[in-house]
Structure formats: structure tokens, C-alpha cells
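Right, one structure below, let's go through it.
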Amino acid sequence: MIDFKNKKILITGATGGIGGALVKKFVSLGGTVLGSGTKTEKLELIKKDNPNIKIKKFNLTEHSKIEEFINTATKELGGLDILINNAGVNSDNLSLRMKDEEWKKVIDVNLTSTFLLSKYAIKNMLKNKFGRVVNITSIVGHTGNLGQANYSASKAAIIGMSKSLAIEYAKKNITINCVSPGFIVSDMTTNIAEKVREFLISRIPMGKLGSGEDVSNCVAFLSSELASYVTGETIHVNGGMYMS
Numbered sequence: 031m032i033d034f035k036n037k038k039i040l041i042t043g044a045t046g047g048i049g050g051a052l053v054k055k056f057v058s059l060g061g062t063v064l065g066s067g068t069k070t071e072k073l074e075l076i077k078k079d080n081p082n083i084k085i086k087k088f089n090l091t092e093h094s095k096i097e098e099f100i101n102t103a104t105k106e107l108g109g110l111d112i113l114i115n116n117a118g119v120n121s122d123n124l125s126l127r128m129k130d131e132e133w134k135k136v137i138d139v140n141l142t143s144t145f146l147l148s149k150y151a152i153k154n155m156l157k158n159k160f161g162r163v164v165n166i167t168s169i170v171g172h173t174g175n176l177g178q179a180n181y182s183a184s185k186a187a188i189i190g191m192s193k194s195l196a197i198e199y200a201k202k203n204i205t206i207n208c209v210s211p212g213f214i215v216s217d218m219t220t221n222i223a224e225k226v227r228e229f230l231i232s233r234i235p236m237g238k239l240g241s242g243e244d245v246s247n248c249v250a251f252l253s254s255e256l257a258s259y260v261t262g263e264t265i266h267v268n269g270g271m272y273m274s
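With positions in the sequence shown counted from 1, the corresponding number in this note's numbering is that position plus 30.
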């Protein structure tokens, strides 16, 4: 059985559908969890549902403050064993209409902040000669998607970055892996038009959207001792919509 007793876990993007499921999963398995996000009200709701977690408001566009954020979170948790990089944004537009700021915003949050969070978390993990980093990517990082050149690029780049980090720290007992969700019930998919939603479901062999728990189960596995010999990998959670 997976057990995270005595493990200290930082989860970014803790207030979304997937983020909330991640918090619930790691708490249920005995972990000490700190969840971060940008909206105080949503963080308070997460804490109401999970009274034992710690919460911290932080905007991942503030790159110069990420090292301080990691160090503060580590201090509040009493250590840092597991980092789940779940936070992400989208700003969709066709490439010819995409403004520079739309491109930059998505790359800055999804890719650059994930790199910096991983970099400074690993710095702390090296002290204990143990660490798990799991990065949440996306099916569109493999397939591409209309109007999502920025989002697709950011998610594909996370996979390449994760493989490089996995090689760098493999001998330090630190693993870096990715979970690549397909279409999961979340804030992003809730806003999709019904006809688009029906079309997407028609392309999924299992005939349904996934749940946050489907994703959190895989993240828990990769963070556990059961996956101690797994690094640089991407697990797809998409109901068969994309098979690598």
C-alpha cells in the first residue's frame, strides 16, 4: 500500500479540479501537504475540506521570488520530499492572431516557473538524498491543438526538461516524471462549449472525460516507493485518446 507518512509534499495549482484531487489524495495517504494557488478564497475552501493542510498564496509569474517561495514552503512543511508541479494557464488564439503577451504568459507560468520550482526544490532535496518531482503536462503537448500553439509548446517542453533533469539527478535518489492528462473534468474543461465537449468525448475510446482522481492516482504512484526505479517517464491518463 502507498503511504506518505512523514513525507512533505508541495502541490502548486492546488485549487483546480486536478489540484484539489491531488491534495485530497496525498492527505488521505498520510502526507503533510502545502497547497499553493493564486486565489485566497479557493485556497480557503481547499483548507476547509482538508483542515490539516497548509496553504500559501503565490503567483508563479513572480520568477524572482520562486526560490524564496520554495525555501519558505520547505520551512513550513519541515522539509520537502515531493514536488507536484500542477499549476498552469492557457491563453488560446490562432497563431497569426496570438499576441506576444499571450505567448509569453503561458510559457512563463507553465514552463519557466516549472523549471525554477524544480530547480530550487531539488536543491533542498539533495540535502536529504531523496526527492520526487512530478510535472503535470497535457495530451496536447504530444498531439498539438488548434489555437494552442503556446500551451502545446509549454507542455511539450516540460517533458523534454523533465527527461534532462531525470538524467542529471538519477544517481542522487531523485526522480523526475510527468503525468499527461487528456480531457479531465476541471475548470478548463467546464468552460468548453457543449458541442465541443461532445466532439471531444466522441474521440475518447472510453467515451468519457477523466476525473481528477484518475490523475492523482498516477501522481501518487510516481511519488511513492513503488516507482523508485522509474524516472524520466510520462504516464498518459486520457482514456485511450492518445497512445504513445
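Even for Gly, the Cβ is constructed at its ideal location relative to N, Cα and C.
Enumerate in chain order the residues of its own chain whose CB-to-CB distance from residue i is below 7 Å, with the five nearest sequence positions on each side excluded.
i, result
"T261", "A196, A200, T205, I206 and N207"
"L256", "I32"
"K238", "I231 and G269"
"K159", "K202 and N203"
Where does residue i sit, in a helix, a strand or coil, going by DSSP?
i, result
"R221", "The sequence shown places Asn at residue 221, rather than the Arg named in the question. Looking at N221 - three-state DSSP - the assignment turns out to be coil, as it is neither helix nor strand."
"N140", "helix"
"I169", "coil"
"S274", "coil"
"L110", "coil"
"N247", "helix"
"V226", "helix"
"T104", "helix"
"I152", "helix"
"V215", "coil"
"K134", "helix"
"I204", "strand"
"I189", "helix"
Could you please give me the residues that DSSP links to residue i through a beta bridge?
i, result
"S210", "H266"
"T261", "According to DSSP, which records beta bridges pairwise, T261 is partnered with nothing at all."
"N36", "According to DSSP, which records beta bridges pairwise, N36 is partnered with nothing at all."
"N115", "N165"
"I85", "G65"
"G240", "I214"
Do residue i and residue j have their CB atoms nearer than 8 Å?
i, j, result
"I166", "G118", "yes"
"T173", "D138", "no"
"S210", "I152", "no"
"A250", "L126", "no"
"M271", "R233", "yes"
"E131", "N123", "no"
"G43", "G61", "no"
If you drop the 5 nearest sequence neighbours on each side, which residues of the same chain put their C-beta closer than 6 Å to that of residue i?
i, result
"S184", "V136, I137, N140 and L141"
"K72", "T45"
"A103", "L40 and L64"
"A186", "G171"
"L252", "V164 and N207"
Sorted by chain position, which residues of the same chain lie with C-beta nearer than 8 Å to residue i's C-beta, five sequence neighbours on each side aside?
i, result
"E98", "none"
"N101", "Y150 and N154"
"P235", "G269, G270 and M271"
Three or more C-beta pairs closer than 8 Å, one from the segment 51-63 and one from the segment 240-247: is that the case here? Result yes; three or more Cβ-Cβ pairs closer than 8 Å.
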